[in-house]
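Protein chains: 4
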Amino acid sequence: MNVGVIGAGTIGAGLVRRLVTTTFVSEVTWVNRTLEKKVEPEIIDLQQGLAFSPSCRRVIGRPADSRGAEALRRADIVVLTAGRGVRPGGTRGDLLVENARVVEGYVRLLADYPGVLVVVTNPVDMMARTAARARGVPRQRTIGLGTIVETARLRASLASRVSPVRAAREVWAYAVGTHDDLFVPVPIDHLGPGGTEQGISLQIMIESARTEVIEAARRVKASGGDGTLFPIIEGIVSVIDAVVHDTRTILTVSVHDPATDDDLFYSVPCRIGRDGAGERIVPDMPSVHDGLDRCRERLRSDIETLRAQAVP
Amino acid sequence: MNVGVIGAGTIGAGLVRRLVTTTFVSEVTWVNRTLEKKVEPEIIDLQQGLAFSPSCRRVIGRPADSRGAEALRRADIVVLTAGRGVRPGGTRGDLLVENARVVEGYVRLLADYPGVLVVVTNPVDMMARTAARARGVPRQRTIGLGTIVETARLRASLASRVSPVRAAREVWAYAVGTHDDLFVPVPIDHLGPGGTEQGISLQIMIESARTEVIEAARRVKASGGDGTLFPIIEGIVSVIDAVVHDTRTILTVSVHDPATDDDLFYSVPCRIGRDGAGERIVPDMPSVHDGLDRCRERLRSDIETLRAQAVP
Amino acid sequence: MNVGVIGAGTIGAGLVRRLVTTTFVSEVTWVNRTLEKKVEPEIIDLQQGLAFSPSCRRVIGRPADSRGAEALRRADIVVLTAGRGVRPGGTRGDLLVENARVVEGYVRLLADYPGVLVVVTNPVDMMARTAARARGVPRQRTIGLGTIVETARLRASLASRVSPVRAAREVWAYAVGTHDDLFVPVPIDHLGPGGTEQGISLQIMIESARTEVIEAARRVKASGGDGTLFPIIEGIVSVIDAVVHDTRTILTVSVHDPATDDDLFYSVPCRIGRDGAGERIVPDMPSVHDGLDRCRERLRSDIETLRAQAVP
Amino acid sequence: MNVGVIGAGTIGAGLVRRLVTTTFVSEVTWVNRTLEKKVEPEIIDLQQGLAFSPSCRRVIGRPADSRGAEALRRADIVVLTAGRGVRPGGTRGDLLVENARVVEGYVRLLADYPGVLVVVTNPVDMMARTAARARGVPRQRTIGLGTIVETARLRASLASRVSPVRAAREVWAYAVGTHDDLFVPVPIDHLGPGGTEQGISLQIMIESARTEVIEAARRVKASGGDGTLFPIIEGIVSVIDAVVHDTRTILTVSVHDPATDDDLFYSVPCRIGRDGAGERIVPDMPSVHDGLDRCRERLRSDIETLRAQAVP
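Same order as they appear, the protein sequences are chains R, C, E and P.
Numbering of the first sequence is given in my numbering, commencing with residue 1 and proceeding in unit increments.
Numbering of the second sequence is given in my numbering, commencing with residue 1001 and proceeding in unit increments.
Numbering of the third sequence is given in my numbering, commencing with residue 2001 and proceeding in unit increments.
Numbering of the fourth sequence is given in my numbering, commencing with residue 3001 and proceeding in unit increments.
In C-alpha cells form, the structure reads like this:
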C-alpha cells in the first residue's frame, strides 16, 4: 500500500518512520513544502534500513507542487499533518484561520484525488470540515483524527483505576465529541451490571478519568517532552489500517454529521472502511446528547470566526 | 516479554518507542542515570497510547541504582545503549576509554544477570568485549550490534544497483568484521553463477557498494539529521526477536571469537538464539580471511589503548 | 519458542499446522503414541513449506516414550490434546474415566516438567484438575482451555444481534463456569447504560445468545463437518501467546479455585502469563455466583465418579 | 481486504481457514458448486471463532451462479482452486481437458471482473493460460501458482544439505519453468564464490536437491497424508499479500511470456503487485535457457491436446 503523508513536523516525520515498520505499507509518498531540512535526511536514514522492513520497498520525498500532487495521486490514502502546532500558552483554536488556509492549499494540490484523506491538522474537527468542503468528493471520504487520542487516554486512565489494574487494551470506553475539553466519555460498563467496583461508582470513576484525560496533554507538555506523539501516531495507523484493509472497524474519529446543514464534523463511534466513514453509532444517552450539543455549538462559533475572515 | 533498555539518548528512547509497537513485548524496563529529563516525559506519552499497543501493558522507568538493578533482573533480555556518542568531527575510537568505563559501571549494576546482554554503545566491538569480560556469565551471552547496520546498508546499496532494482530485503549479502571502515562485504551471488549482471561484474559492484556503505553514515550526518537511527533500532529489534523467540536466525553481530586468547569480539554471520551467540559461520574466502586479519589487528591495538589507561 | 503438542487428532494436527504460521514459534515438538499414520506425513508436508514460515525452523515428531519426554523437556509450553473425542450421540462426561487415564499417562511422561501445561482433552475442567494434581508443580501451572470457546461463540452471537451488526472482536462478554451447558454468560454492557438496544433488553439478548452458544457445537456437528475446530485452535494460540510473552491477558480459561479444598478447576476471567494462571477476576453478580455453584456441584459429582473407578 | 475463493476441496477449504488468521483479510467470499457439504459447515465453525481473528469480520458462502458472480465482483482478488485433483496413479496432465472446461466455466462466471485472478487448478501453467485467454483483461492480471511450491521445496532441501543446517527461509534459490518434473533449479550461491561447502560442489548439491523436490510430492502421497497442502496454501497467501499490498515482491509464479505468440504461461521470478505480474526476471544462464525450452515444448504439446478437443 502506498501511503501519502503531507507535512514533516514531529507528527509527519514520526508517522513516516512508523509506517515503514508495518506489515502492509509498501511505499510512502512524503510531501512537504521543503525537502532539504527534514525530509531528505530522514529518507536517507530510512532507506539504509529497508532490509529490515517487512513490506516497504521505498520512501520518496516530493515538494508541495505539481510533483507532489502527481505522486500523491498514486497513494491509497493520504494523511494531512501540515499546519502550525499549538504555541506555548496557546490553544488549538488560535490556529483556526491560519491552518484553514494551509489545509485549503493542500486540498487544491490534491485536486480531484478520490481516496480517503485523514486530517490531523488542528483544530482537527474544523480542519476536517474545511478539507471536506473544499474537496470534490463525498464528505465521508474525509476523516479527522478527532477524539481517537482522547479515547486511548480514557482507556489508559480507566485501566489504571480498576482493581486489579489491567492493560489499557482490555478496557472498553469511548470519548466522543470535539477534540478539546468538551469531549464526552462514554463508559462501556465492563465492571459488571452493578456499575461499581470496590465501592467506586462507575460514574465517579468516569468523571475522574475525564479530568485526567483533559490534564493528559498538559502533563506531557509540562514534563518537558515533545508533546503528545505516540497516541496520535498509533491512532493514525489504526485509521489507515481500517481504510486500506476495509475492516470497517469502529473508531471514534471526526466525521461528517449529515443531520447538520452546516457540515459539522465531530467524533462519534463510526465504522471506518475503504470508502471512509460508514455508519455513525451515536450512543443514545442523555449525557451524550447534551455533550454533543455543546460541541456543535462550539463548532458553529468557530465557523463564524472563519467566515469573518472570509475563509469558506 | 520484558525488555530492559539502558540509556535514554536518541537510540535508547527510539528503541523504547519502537518496542511498544511490536507484537511480543509486554513490558519495557527503562533504566537511565536521570529520569526527569527524557524518561518520564516519554513514558507519560507512551502510557497514554497503550490501548493501541498489541502486547505491551506497561513501560517503567528506573534510576541507574539498586532500583534499576532489581527491575532489570526481571528482564528477558537487556540492551545497553548508554555512553557518549561520536562528537562532530570525531570517531568511534575517541570514545574507547570513556565508554569502557560507562559499560563497566552498568555491568556492575547488572551484577549476576544471567540473560543475554546486547551492547550498542560504541566502539561496539570493544564495548561488547569489555562487557563480556566483566560479566560472570559465558561469553556467548553478550552480543554487540556489530555490522548488522553495515549489512543492512550493503543490501540497500546492492538493491539499488541491480537491474531491475529490487527491495533491499530481496538482496542477500553480509558485512563482516569490525563496525568501522574495515568491515568486509561478502556477496551472496544472487545474480546467477555468471556473477555479472548487465556487464557489471559482481566484484566491482560489491566494491562500489562497500564505498557507499562507508559514506552512508557520513551522508546521514551531512544531511543535517540526527545521525543513523532507523537501521540501528530495527537491527536491535531483530536481535531481540531472535533471542527471546530462540529463532537461531543468522545475523552479523559482534560475537566472541573463541580462537583468540584475548577475547576478541567482531562480526561474522552467527546463529542467534536464547543462549545468545551460537554457531559462527565464517565464510571461507581469501578476502574475508585477509579482512578479518586487519580487523583483529585493529582490535588488538584498541586493547593496548585500554590497558594503557588501566581499563581491563 | 518451542511449543510441545501431545496428540495427533484433528485438534492436535490442526494446532501444529497453525503454529507454523505464527510469528513467534521457532520449533514444534509433536508427540504422539504412533508417528506413522498422521505425524510423519504432516511433518513432511510442513517441512516442504518452511521457507514461508515467519519464524519456525523445524517441526519434530517423537513417540510417547522416553524420546518424547526428553524432547518435551525443552519446550517452553506444552499443550495436551490427546484422548478420545466425544462419540456421536455421546457427551463429554462419557469420556471422564477413560481420558483421565490418558491424561495421567502423559503427566507421568512429562515427569517434572516445570512449564505451563495447557489441557484441551475433554471433559476439560476435570482433565485440567487431574493433570494438575498428578504434576509436581504449583496448580497454577496447569490451565484447561475451559470456556474460551464459549466466550468466542458468545461474542460472535451477540455481534450478530446488535444493530448495526459489528465484528465479533468489537463485542465484549465472557462465558464463565464449566465447559458444558452450565456455563454462565457475563455481559459487558457495550450497549450503553440503558442496557437496551432497539427495544431488546440486554438480559433477553444474553439469554438468547446463551442458547445459541449451547446449540453451536450441535450445529457444527449437524452440519456434517469435523466438529468445532477453529475457535478451539485459535483459543489455544491465544493462551500460548499470553504465556510465552507473559502478556498477562485476561482470558476465560479453566483454572484452579484455591478456595475449594477439592482442587476444582473451572473458568473465570483470569490473567494469563508466564507462570500460568494469575489473578482470577470473578464477576460479583448474583447470576454468576448461582451459576458457578451449579458448576462446582457438577464437578464434585464427576470427582465421585472418578473415585469410584479408583482414579485419584 | 475481500478475498474471493472458488472451490471447496482440500486446498480451497484450507485456504479459507488460513485467510481468517491473517492480519489483512477482512472478508472472505467463498464460492462453490454446492454449499451444503463443505462450505456451510466450515463457515459455521469459522464464524464461531471470529472473535479471535485479527481483521476478518465475515466469511460468506455463495453458489456458483449469478449470486456467486455478484459477490465475487466485490473481491479485491480471486483465487481459483476448483477442478479435479490428480487421481491416484495419474498425472496433472490427465486433468488437462476436464479442468480446462471447469476453468472456462468459472471465467465466464467472473465475466468482466477486472482484478487479479490466481489460478491454482492443475495443470496450473495451462490453466492459467486458459483463464487468461478467456478473460477480457490484460494477460498480466492472471497468475498461476506455478513453481512457487517447487521453490519452497528446493529451499527446504538445500537448507538441510548445507553445513551447518539452516532455516529454509535463510536459503535463497528459485525453481523456474513448468509445475512438473521439467522445472529448473536456479541456485543463488549463498555458499560464497567458491561455490562449494565442505567439498560438495554447488552444482551437485543442486542436482540432488532437484531430485528431492521431484520426489517430494510423491513422499507426501506415499506417507499416507492428504497430499501437498501447506506449501501450496502459504504460497497462495504470499501471492495475495503481494497483490493486495502492491509489494512488488519477486515470486516464481506462472506468468504470461509476451515473447511467445501462443500465450505461454510458465514460472520465472516475477515482480508481483496490484496489477498482477510485473517485470519478469529471467536468469541469463544456459541451463535455464535450455530448461525453459523444454518447458515451452511441453506446453505447446498440451495446447495441441486441448485444440484436438476443441478447447480454445
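Glycine included, C-beta positions come from ideal geometry on N, C-alpha and C.
Computed from a predicted model, the values in this text were never measured in an experiment.
**Prompt:** Any C-beta of chain C sitting closer than 8 Å to the C-beta of I3250/P?
**Reply:** Yes - at least one Cβ of chain C is within 8 Å of the one on I3250/P.
**Asked** Are the C-beta of T29/R and some C-beta of chain C separated by less than 8 Å?
**Response** It does not; no Cβ of chain C falls within 8 Å.
**Message:** Checking 8 Å against the spacing of the C-beta atoms, do T3022/P and I3060/P come in under that value?
**Reply:** No; because the gap between Cβ atoms is not below 8 Å, this pair is not in contact.
**Message:** One question on the structure: do L2117/E and L2145/E come within less than 8 Å of each other, judged by their Cβ atoms?
**Reply:** Contact flag unset, no.
**Message:** I need the straight-line Cα distance from T91/R to V1244/C, nearest angstrom please.
**Reply:** T91/R and V1244/C: Cα-Cα distance of roughly 45 Å.
**Request:** Please say whether G1014/C and L1229/C have beta carbons closer to each other than 8 Å?
**Result:** With respect to the 8 Å criterion, L1229/C and G1014/C are classified as neighbours on the basis of their beta carbons.
**Asked** Closest Cβ-Cβ distance between R1210/C and chain P: below 8 Å?
**Response** Closer than 8 Å: no.
**Asked** For I2281/E, which residues in chain R fall below 9 Å Cβ to Cβ?
**Response** Around I2281/E, the beta-carbon contacts reaching into chain R at under 9 Å are P164, R166.
**R309/R burial status per 10 Å Cβ neighbour count (16 or more: buried)** = One detail in the question is off: residue 309/R reads as Gln in this sequence, not Arg. Classification for Q309/R: exposed.
**Request:** Check the Cβ of E2170/E against every Cβ in chain R and list those closer than 8 Å, keeping chain order.
**Result:** Within chain R, the residues placing a beta-carbon under 8 Å from that of E2170/E are T249, I250, ordered along the chain.
**Request:** Please confirm if F230/R has its CB atom under 8 Å from at least one CB of chain C.
**Result:** Judged by the 8 Å Cβ criterion, F230/R is in contact with chain C.
**Item:** Three-state secondary structure (DSSP) of C3270/P
**Value:** DSSP, read as helix, strand or coil, puts C3270/P in strand.
**Asked** Buried or exposed: P1231/C, going by 16 or more other Cβ atoms within 10 Å of its Cβ?
**Response** Burial call: buried.
**Asked** Between the beta-carbon of E170/R and the beta-carbon of I2143/E, is there less than 8 Å?
**Response** In terms of Cβ geometry, E170/R and I2143/E do not form a close pair [threshold 8 Å].
**Request:** Figure out for me which residue from V255/R, S157/R, V288/R has the closest Cα to the Cα of A132/R.
**Result:** Of the listed residues, the one whose Cα sits closest to A132/R is V255/R.
**Message:** Short of 8 Å in beta carbon distance, which residues of its chain neighbour L2306/E, apart from the five on each side in sequence? Order them along the chain.
**Reply:** L2096, V2097, A2100, M2126, T2130, P2312, listed in sequence order.
**Message:** If contacts are defined as beta-carbon pairs under 8 Å, then S26/R and R3248/P qualify, I think. What distance do you get, rounded to the angstrom?
**Reply:** Going by Cβ atoms, the distance from S26/R to R3248/P rounds to 7 Å, so yes, they are a contact pair.
**Message:** Checking 8 Å against the spacing of the C-beta atoms, do G1049/C and A242/R come in under that value?
**Reply:** No. Outside cutoff.
**Asked** Just checking my contact of L3292/P with V3149/P at CB under 8 Å: how many whole Å lie between their CB atoms?
**Response** Their Cβ separation, rounded to whole angstroms, is 18 Å, which puts L3292/P and V3149/P out of contact at 8 Å.
**Asked** Quick one: does H1245/C have its CB under 8 Å from some CB of chain E?
**Response** Cβ-Cβ to chain E under 8 Å: yes for H1245/C.
**Request:** Taking C-beta pairs closer than 7 Å, name the residues in chain E that Q3047/P reaches, listed in chain order.
**Result:** By Cβ distance, chain E contributes A2156.
**Item:** V1016/C versus E3070/P - alpha carbon distance
**Value:** Going from the Cα of V1016/C to the Cα of E3070/P covers about 48 Å.
**Message:** Could you tell me the alpha carbon to alpha carbon distance between E2042/E and R3218/P, rounded to whole angstroms?
**Reply:** Distance between the alpha carbons of E2042/E and R3218/P is about 14 Å.
**Message:** Please report the straight-line C-alpha distance between G2227/E and N2122/E, rounded to a whole angstrom.
**Reply:** Cα-Cα distance, rounded: 14 Å.
**Message:** Give me the subset of the region 3006–3027 of chain P whose CB atoms are less than 7 Å from a CB atom of chain R, sorted by chain position.
**Reply:** When C-beta distances to chain R are compared with 7 Å, the residues of the region 3006–3027 of chain P below that value are T3023, F3024, S3026, in chain order.
**Message:** Quick check on G83/R: buried or exposed, where buried means 16 or more other Cβ atoms within 10 Å of its Cβ?
**Reply:** Classification for G83/R: buried.
**Asked** Any idea if H179/R is buried or exposed, counting beta-carbon neighbours within 10 angstroms, 16 or more meaning buried?
**Response** Counting Cβ neighbours within 10 Å, H179/R comes out buried, since at least 16 surround it.
**Request:** Let me know if R3087/P comes out buried or exposed under the rule of 16 or more other beta-carbons within 10 Å of its beta-carbon.
**Result:** When all chains shown are included, R3087/P counts as exposed.
**Request:** Could you have a look at Y106/R and say whether DSSP puts it in helix, strand or coil?
**Result:** Here Y106/R carries a helix assignment [DSSP, helix/strand/coil].
**Item:** DSSP bridge partner residues for A265/R (one or two, in chain order)
**Value:** It should be noted that the sequence gives Phe, not Ala, for residue 265/R. Note: F265/R sits in a beta bridge opposite H256/R.
**Asked** Of the residues A2222/E, M2205/E, L2182/E, L2299/E, which one's Cα is nearest the Cα of V2288/E?
**Response** When each option's Cα is compared against that of V2288/E, the closest is L2182/E.
**Request:** Name, in chain order, the residues that DSSP records as bridge partners for L80/R.
**Result:** According to DSSP, L80/R bridges with I6/R, V119/R.
**Request:** Can you pull the chain P residues whose beta carbon is under 9 Å from the beta carbon of G2235/E, in chain order?
**Result:** Within 9 Å Cβ-Cβ: G3049, F3052.
**Message:** Strictly by DSSP, which residues pair up with T1142/C?
**Reply:** DSSP output for T1142/C lists L1117/C as bridge partner(s).
**Item:** Below-8 Å beta-carbon distance, V1220/C vs any chain R residue
**Value:** At a cut-off of 8 Å, the C-beta of V1220/C has a neighbouring C-beta in chain R.
**Bridge partner(s) assigned by DSSP for W2030/E** = DSSP output for W2030/E lists V2005/E, G2061/E as bridge partner(s).
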